[in-house]
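Residue numbers (the working numbering): 4 to 147.
Below: the structure, in C-alpha coordinates.
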(Lines of atoms letter the chains of each structure in order from A and count residues from 1; the text may use other names and numbers.)
(Lines give C-alpha, C1' and ligand atoms only; values in the text may rest on other atoms or scores of the structure.)
Protein backbone atom coordinates (compact mmCIF):
# COMPACT_ATOMS: atom_id res chain seq x y z
CA UNK A 1 0.00 0.00 0.00
CA UNK A 2 1.57 3.36 -1.00
CA UNK A 3 2.29 5.87 1.75
CA UNK A 4 0.82 8.86 -0.11
CA UNK A 5 -1.77 8.77 -2.84
CA UNK A 6 -1.70 10.93 -5.96
CA UNK A 7 -4.39 13.30 -4.64
CA UNK A 8 -2.55 14.26 -1.44
CA UNK A 9 -1.91 17.99 -1.39
CA UNK A 10 1.04 17.75 0.96
CA UNK A 11 2.86 14.45 1.17
CA UNK A 12 5.12 15.81 3.94
CA UNK A 13 2.47 15.71 6.65
CA UNK A 14 0.81 12.40 7.50
CA UNK A 15 -2.95 12.06 7.83
CA UNK A 16 -4.15 12.96 11.30
CA UNK A 17 -4.98 9.87 13.31
CA UNK A 18 -5.30 9.12 16.97
CA UNK A 19 -2.27 6.85 16.78
CA UNK A 20 1.27 8.19 16.84
CA UNK A 21 3.00 7.95 13.46
CA UNK A 22 6.62 8.32 12.36
CA UNK A 23 6.22 12.03 11.60
CA UNK A 24 3.34 13.41 13.69
CA UNK A 25 2.15 17.00 13.36
CA UNK A 26 3.32 18.68 16.58
CA UNK A 27 0.44 19.03 19.03
CA UNK A 28 1.24 22.70 19.50
CA UNK A 29 0.63 23.33 15.78
CA UNK A 30 -2.75 21.62 16.01
CA UNK A 31 -3.58 23.65 19.13
CA UNK A 32 -2.70 26.93 17.38
CA UNK A 33 -4.77 25.88 14.36
CA UNK A 34 -7.77 25.01 16.53
CA UNK A 35 -7.51 28.38 18.27
CA UNK A 36 -7.22 30.36 15.05
CA UNK A 37 -9.98 28.49 13.23
CA UNK A 38 -12.31 28.42 16.20
CA UNK A 39 -11.73 31.98 17.31
CA UNK A 40 -11.76 34.33 14.31
CA UNK A 41 -10.82 37.98 14.62
CA UNK A 42 -14.44 39.06 14.31
CA UNK A 43 -17.65 37.54 15.52
CA UNK A 44 -19.14 36.41 18.76
CA UNK A 45 -17.52 33.00 18.99
CA UNK A 46 -17.00 32.17 22.63
CA UNK A 47 -14.29 30.59 24.74
CA UNK A 48 -15.29 26.94 25.05
CA UNK A 49 -13.61 23.81 26.38
CA UNK A 50 -11.85 23.12 23.06
CA UNK A 51 -10.23 26.57 23.10
CA UNK A 52 -9.30 26.23 26.77
CA UNK A 53 -7.67 22.86 25.97
CA UNK A 54 -5.79 24.44 23.06
CA UNK A 55 -4.57 27.30 25.26
CA UNK A 56 -3.45 24.81 27.92
CA UNK A 57 -1.56 22.76 25.30
CA UNK A 58 0.15 25.88 23.93
CA UNK A 59 1.14 27.11 27.40
CA UNK A 60 2.45 23.66 28.32
CA UNK A 61 4.47 23.43 25.08
CA UNK A 62 6.18 26.79 25.57
CA UNK A 63 6.81 26.14 29.26
CA UNK A 64 8.77 23.07 28.15
CA UNK A 65 10.61 24.64 25.21
CA UNK A 66 10.90 28.24 26.38
CA UNK A 67 11.34 29.25 22.74
CA UNK A 68 8.72 31.13 20.73
CA UNK A 69 8.25 29.81 17.20
CA UNK A 70 5.59 32.36 16.28
CA UNK A 71 5.38 36.12 16.07
CA UNK A 72 4.58 38.07 19.22
CA UNK A 73 1.47 39.41 17.42
CA UNK A 74 -0.09 35.92 17.44
CA UNK A 75 0.32 35.70 21.21
CA UNK A 76 -1.04 39.24 21.62
CA UNK A 77 -4.07 38.33 19.50
CA UNK A 78 -4.96 35.43 21.81
CA UNK A 79 -4.54 37.74 24.81
CA UNK A 80 -6.89 40.25 23.18
CA UNK A 81 -9.51 37.52 22.56
CA UNK A 82 -9.25 36.39 26.20
CA UNK A 83 -9.69 39.97 27.43
CA UNK A 84 -12.69 40.46 25.10
CA UNK A 85 -14.22 37.24 26.40
CA UNK A 86 -13.76 38.40 29.99
CA UNK A 87 -15.40 41.76 29.23
CA UNK A 88 -18.38 39.96 27.62
CA UNK A 89 -18.71 37.67 30.63
CA UNK A 90 -18.67 40.65 32.99
CA UNK A 91 -21.45 42.34 31.00
CA UNK A 92 -23.50 39.13 31.04
CA UNK A 93 -23.01 38.79 34.80
CA UNK A 94 -24.28 42.33 35.39
CA UNK A 95 -27.33 41.65 33.19
CA UNK A 96 -28.08 38.40 35.04
CA UNK A 97 -27.70 40.14 38.42
CA UNK A 98 -30.10 42.90 37.34
CA UNK A 99 -32.61 40.33 36.10
CA UNK A 100 -32.37 38.42 39.39
CA UNK A 101 -32.74 41.63 41.42
CA UNK A 102 -35.97 42.47 39.59
CA UNK A 103 -37.33 39.02 40.46
CA UNK A 104 -35.98 39.02 44.03
CA UNK A 105 -39.40 39.45 45.64
CA UNK A 106 -41.10 36.99 43.33
CA UNK A 107 -43.37 34.82 45.49
CA UNK A 108 -42.48 31.71 43.49
CA UNK A 109 -39.48 30.07 45.18
CA UNK A 110 -38.44 28.13 42.04
CA UNK A 111 -37.98 31.38 40.10
CA UNK A 112 -35.80 32.80 42.91
CA UNK A 113 -33.67 29.63 42.98
CA UNK A 114 -33.36 29.53 39.19
CA UNK A 115 -32.25 33.16 39.10
CA UNK A 116 -29.74 32.56 41.90
CA UNK A 117 -28.26 29.56 40.06
CA UNK A 118 -28.02 31.56 36.81
CA UNK A 119 -26.19 34.35 38.64
CA UNK A 120 -23.87 31.80 40.28
CA UNK A 121 -23.08 30.24 36.88
CA UNK A 122 -22.25 33.70 35.46
CA UNK A 123 -20.00 34.40 38.46
CA UNK A 124 -18.13 31.13 37.85
CA UNK A 125 -17.70 31.92 34.15
CA UNK A 126 -16.46 35.42 34.98
CA UNK A 127 -13.96 34.07 37.52
CA UNK A 128 -12.62 31.56 34.99
CA UNK A 129 -11.03 34.05 32.58
CA UNK A 130 -8.65 36.16 34.78
CA UNK A 131 -6.37 33.19 35.65
CA UNK A 132 -6.22 32.27 31.94
CA UNK A 133 -5.38 35.87 31.05
CA UNK A 134 -2.69 36.00 33.75
CA UNK A 135 -1.18 32.70 32.60
CA UNK A 136 -1.09 33.90 28.99
CA UNK A 137 0.50 37.23 29.99
CA UNK A 138 3.16 35.36 31.98
CA UNK A 139 3.84 33.17 28.95
CA UNK A 140 4.35 36.26 26.77
CA UNK A 141 6.73 37.76 29.34
CA UNK A 142 8.75 34.52 29.53
CA UNK A 143 8.98 34.14 25.76
CA UNK A 144 9.55 37.76 24.75
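Where is the CB? At the ideal position from N, CA and C, for every residue including glycine.
Every value quoted in this text rests on a predicted model; they were computed, and no experiment measured them.
- Distance check between residue 128 and each of 116, 115, 97 places 97 closest, using alpha-carbon atoms only.
- Between residue 85 and residue 139, the CB-CB gap stays under 8 Å.
- Going by beta carbons, residue 69 and residue 53 fall outside the 8 Å limit.
- It is roughly 27 Å from the alpha-carbon of residue 82 to the alpha-carbon of residue 100.
- Taking 8 Å as the cut-off, the beta carbon of residue 74 is found no closer than this to the beta carbon of residue 57.
- In the three-state reduction of the DSSP assignment, residue 73 falls in the coil class.
- Look at residue 49 here: in three-state DSSP terms it is coil, with no helix or strand label.
- Closest in C-alpha terms to residue 142, from the list 51, 60, 88, comes 60.
- 88 is the residue among 119, 108, 88 whose C-alpha sits nearest the C-alpha of residue 55.
- If you ignore the 5 residues before and after residue 71, its C-beta comes within less than 6 Å of the C-beta of 146, all in its own chain and listed in chain order.
- Cβ neighbours of residue 126 within its own chain (closer than 8 Å, five residues either side excluded): 96.
- For residue 109, there is no enclosing alpha helix (DSSP H), as DSSP gives it neither H nor E.
- A direct Cα-to-Cα measurement between residue 32 and residue 132 gives close to 23 Å.
- With distances taken between CA atoms, residue 136 lies nearest to 80 out of 48, 36, 80.
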